[in-house]
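Participant:
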Amino acid sequence: MKFKIFTFKAMNTNVTIQFVKDNFSNSIIETLNTNVESIKKFFQKIEDKFSPFLKDSFVSNHREIGDDFANFMLDIEYQNVFIESLLAKKETDGIFNNYFDGKYNPTGFVKGWATERAFFLFLQPLLNINFVEGVAINVGGDMQLGVIENSSFSWNIGIENPKNTTELIASYEIKNGAVATSGINKRGRHIISNEKIEDKQITIVGHYLSVVDVWTTVGVACTKEKFKNFIEKEKLTGIICQDNKIFPFELGEFINVKKS
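Add 42 to the 1-based position in the sequence shown for our numbering, that's all there is to it.
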C-alpha cells in the first residue's frame, strides 16, 4: 500500500491530507492535487466567514450587532454552525459555550466542524467511487478518516503522552471515524476552566469530528465527576490522561487504570 501526502496551512494551523492506494499514476495525482486545491479554497471561505479576527467576517459582524437578524444569518453554513454550537452548549450543560467571552464566538466549534465537512464534501466521494482505498484529513491534530467498503486497511492512530511527545500512551485502529485530542501542553491555556487542567489531556474517538471535538474540550474544562457522567450518558470512547495516569473508556465504561 502506498501513501500520497499533502500539507498546507489553514485556519492558523497545519493541515495534512493522506491518500492510500496500491499505486498512484500521474493522472490520479493530478486529480488529487485538484481535490486538495478545492479543500484549500473551502477552508479559506470558512475562515473568511467565521474568523473573529477578520473585521468583515460574518462572526465579527455578528459580534458587533448581537443576535439581531442580519443577512449573514441566511447563509446555510453559518446557520448550521450557529445551531449546532448552540445545541452543543445545551447538551454539555453550558460547559461548551459559544458565548464564552460574552459575545457569539464559535471558534472552538468551527475547526472540527469544518474539517468534518471538508472530508464529506471532497474526500468521501473519492472513497465512494473507489478512486482511493483510504483517506484521512488531520487539522491541528484532530482527524476525520475513512476507507472503502470491504478494505483490509485501517488507520493506526497513536495518542501522544502530553509529558513526552516521543511516547505513545494509546493507539486506535480505525477504518471510518474521527479522533480529537484536547489539552494545553501544545497550544497553551486556550480552554476556559476553573479546574486544574495543566496536566489533563482528553482524547475521544467517534463517528464525527464536530461531535468528538466538543467532548474533548468539555472533558478538559469540567470536573472528573462531571465528565464521568457525560462519558456514561453519551457512551463515549477515548482516554483521559491526567497526573501521570491514563484512564481508558469504551462506549461509556472505564476499562482499567494504568500509569503513563
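Even glycine gets a Cβ: it sits at the ideal position worked out from N, Cα and C.
Let's see if you can read the secondary structure: which residues bound the alpha helix (DSSP H) around residue 120?
Facilitator: Run containing residue 120: 118-133, per the alpha helix (DSSP H) assignment.
Participant: Taking the alpha carbon of residue 216 as the reference point, which residue from 210, 209, 196 and 203 has its own alpha carbon closest?
Facilitator: Of the listed residues, the one whose Cα sits closest to residue 216 is 196.
Participant: Rank 286, 113 and 128 by C-alpha distance to the C-alpha of residue 241 and give the top, closest one.
Facilitator: Here the closest residue by C-alpha is 286.
Participant: With respect to the alpha helix (DSSP H) encompassing residue 112, which residues constitute its N-terminal and C-terminal limits?
Facilitator: Segment: none, residue 112 is in no alpha helix (DSSP H) and carries neither H nor E.
Participant: Compute the distance between the beta-carbons of residue 128 and residue 140, then report whether it is under 8 Å.
Facilitator: For residue 128 and residue 140, yes; Cβs fall inside 8 Å.
Participant: Do residue 247 and residue 225 have their beta-carbon atoms positioned less than 8 Å apart in this structure?
Facilitator: The answer is no: Cβ separation not under 8 Å.
Participant: Can you give me the Cβ contacts of residue 260 inside the same chain, cut-off strictly under 6 Å, excluding the 5 residues immediately before and after it?
Facilitator: Taken in chain order, the residues that qualify are 134, 137 and 138.
Participant: The ligand PLP and residue 195: does any heavy atom of the ligand fall closer than 7 Å to the residue's C-beta?
Facilitator: What this structure holds is no ligand at all, so the ligand PLP is not there to describe.
Participant: Excluding five sequence neighbours on each side, which residues of the same chain lie with their C-beta closer than 6 Å to the C-beta of residue 269?
Facilitator: If we look at residue 269 and ignore the five residues flanking it on each side, its Cβ neighbours are 261.
Participant: In chain order, what residues of the same chain lie with their CB nearer than 6 Å to the CB of residue 169, ignoring the 5 residues before and after it?
Facilitator: Answer for residue 169: 188 and 190, listed in chain order.
Participant: Assuming residue 264 contacts residue 211 (C-beta within less than 8 Å), just tell me the rounded distance between them.
Facilitator: The pair is not a contact, with the Cβ atoms about 21 Å apart (cut-off 8 Å).
Participant: Check the DSSP bridge columns for residue 185 and list the partner residues they point to.
Facilitator: In DSSP, residue 185 forms a bridge with 180 and 221.
Participant: Between the alpha carbons of residue 76 and residue 67, how many angstroms are there, rounded?
Facilitator: Between residue 76 and residue 67, the C-alpha separation is close to 14 Å.
Participant: Hey, out of 116, 74 and 123, whose CA is closest to residue 92's CA?
Facilitator: Out of 116, 74 and 123, 123 has the C-alpha closest to the C-alpha of residue 92.
Participant: Let me know if residue 252 comes out buried or exposed under the rule of 16 or more other beta-carbons within 10 Å of its beta-carbon.
Facilitator: That one is buried.
Participant: Considering only residues of the same chain and omitting the five flanking positions on each side of residue 148, which have a CB-CB separation below 6 Å?
Facilitator: For residue 148, where only same-chain residues beyond five positions count, the Cβ hits under 6 Å are 123, 127 and 140.
Participant: Between the beta-carbon of residue 178 and the beta-carbon of residue 84, is there less than 8 Å?
Facilitator: No, Cβ-Cβ distance for residue 178 and residue 84 is not below 8 Å.
Participant: Tell me whether residue 77 sits in a helix, a strand or coil according to DSSP, three-state version.
Facilitator: Residue state, collapsed to three classes: helix.
Participant: Can you tell me where the alpha helix (DSSP H) holding residue 261 begins and where it ends?
Facilitator: Here the alpha helix (DSSP H) through residue 261 covers 251-263.
Participant: Take residue 174 and list the residues in its own chain whose beta-carbon comes closer than 7 Å to its own, dropping the five residues that flank it on each side.
Facilitator: Contacts found: 61, 62, 63 and 168.
Participant: Straight-line CA distance for residue 82 to residue 249?
Facilitator: Residue 82 and residue 249: Cα-Cα distance of roughly 23 Å.
Participant: Helix, strand or coil, according to DSSP, for residue 277 in the structure here?
Facilitator: Correct three-state label for residue 277: coil.
Participant: Excluding the five sequence neighbours on either side, which residues of its own chain have a C-beta within less than 6 Å of the C-beta of residue 290, listed in chain order?
Facilitator: So the qualifying residues of the chain are 281 and 297.
Participant: Is residue 174 helix, strand or coil when you go by DSSP?
Facilitator: Coil.
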